[in-house]
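Residue numbers (my numbering), protein chains in the order written: chain A, 1063 to 1172; chain B, 1120 to 1233.
Next comes the structure, spelled out in structure tokens:
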């Protein structure tokens, strides 16, 4: 099964700090995506990085991808209380099948 | 656009009953995915369609589960008969075109089987 494994499972930080979470996988991928889920809601797409890309930025988000190590990281800079959510990495194969990891639960305290 | 629309939002039923979950994808999207989320198993891909045709149903847990997409604007996930272990949040998501496109999720259906 092509699912990512996120680390850590949970993360608690204070507003203004940076939050970093990692995703490791075992098979080849077409792209890797990060999603956010607020409690009781559907998932919302954050950023997509293709297998031939190494780094992407979107606002306060920075994603890296190391295909040799089969790992990715998501960095949220200058975190806010509104960033409190669960974050999931999702792996896409060349057919577009998208499978999600278990997620990292992030709590940002004011 | 209204986004991906799922109904019902909540469903409570008794063991043995038939349950039908509904999804309307975003207009123009040609991929539709059904996921199930539980604390124990996380987000599981059940099945996905391309142009109304099921592409991969390897995640469907048992013959009790079936999914259809009769047209581009409607899909159903049916559980018959339902069991307490089917209790979960079921999400539908849609996407337009190639794999390098993002998924849009519905708000989910919270299913409780008593």
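Idealized CB from N, CA, C, for every residue including glycine.
Roughly how many angstroms separate the alpha carbons of residue i and residue j, rounded to a whole number?
i, j, result
"residue 1080 of chain A", "residue 1224 of chain B", "27 Å"
"residue 1165 of chain A", "residue 1230 of chain B", "21 Å"
"residue 1228 of chain B", "residue 1213 of chain B", "15 Å"
"residue 1215 of chain B", "residue 1111 of chain A", "17 Å"
"residue 1063 of chain A", "residue 1175 of chain B", "The predicted position of residue 1063 of chain A is uncertain, since its pLDDT is 49 and thus under 50; no value can be drawn from it."
"residue 1123 of chain B", "residue 1226 of chain B", "8 Å"
"residue 1180 of chain B", "residue 1108 of chain A", "29 Å"
"residue 1185 of chain B", "residue 1129 of chain A", "36 Å"
Using a C-beta to C-beta distance shorter than 7 Å, which residues of chain B count as neighbours of residue i?
i, result
"residue 1156 of chain A", "1218"
"residue 1165 of chain A", "1161"
"residue 1161 of chain A", "1164"
Buried or exposed for residue i, going by 16 or more other Cβ atoms inside 10 Å?
i, result
"residue 1160 of chain B", "exposed"
"residue 1172 of chain B", "exposed"
"residue 1146 of chain B", "exposed"
"residue 1068 of chain A", "buried"
"residue 1093 of chain A", "buried"
"residue 1152 of chain A", "buried"
"residue 1144 of chain B", "buried"
"residue 1119 of chain A", "exposed"
Below 7 Å on C-beta distance, what does residue i contact in chain A?
i, result
"residue 1226 of chain B", "1103 and 1104"
"residue 1221 of chain B", "1095, 1107 and 1110"
"residue 1209 of chain B", "Under the 7 Å cutoff, chain A gives no residues; its nearest Cβ is about 11 Å from residue 1209 of chain B."
Select from the options the residue whose C-alpha is nearest the C-alpha of residue i.
i, options, result
"residue 1170 of chain A", "A/1100, A/1134 and A/1109", "A/1100"
"residue 1130 of chain B", "B/1122, B/1194 and B/1139", "B/1139"
"residue 1151 of chain B", "B/1179, B/1158 and B/1142", "B/1142"
"residue 1128 of chain B", "B/1192, B/1217 and B/1211", "B/1211"
"residue 1116 of chain A", "A/1127, A/1154 and A/1172", "A/1127"
"residue 1190 of chain B", "B/1170, B/1183 and B/1156", "B/1170"
List, in order along the chain, the chain A residues whose C-beta lies closer than 9 Å to that of residue i?
i, result
"residue 1175 of chain B", "1157 and 1159"
Validate contact between the region 1154-1169 of chain A and the region 1151-1166 of chain B using beta carbons, cut 8 Å, 3 pairs = With the cut-off at 8 Å, the region 1154-1169 of chain A and the region 1151-1166 of chain B touch.
inquiry  = Three or more C-beta pairs under 8 Å: does that hold for the region 1140-1153 of chain A against the region 1199-1207 of chain B?
reply    = Between the region 1140-1153 of chain A and the region 1199-1207 of chain B, the count of C-beta pairs closer than 8 Å stays below three; the two stretches do not touch.
message = Pairs of beta-carbons, one from the region 1070-1090 of chain A and one from the region 1120-1138 of chain A, closer than 8 Å: are there three or more?
response = Yes, since at least three Cβ pairs between the region 1070-1090 of chain A and the region 1120-1138 of chain A fall closer than 8 Å, the two stretches touch.
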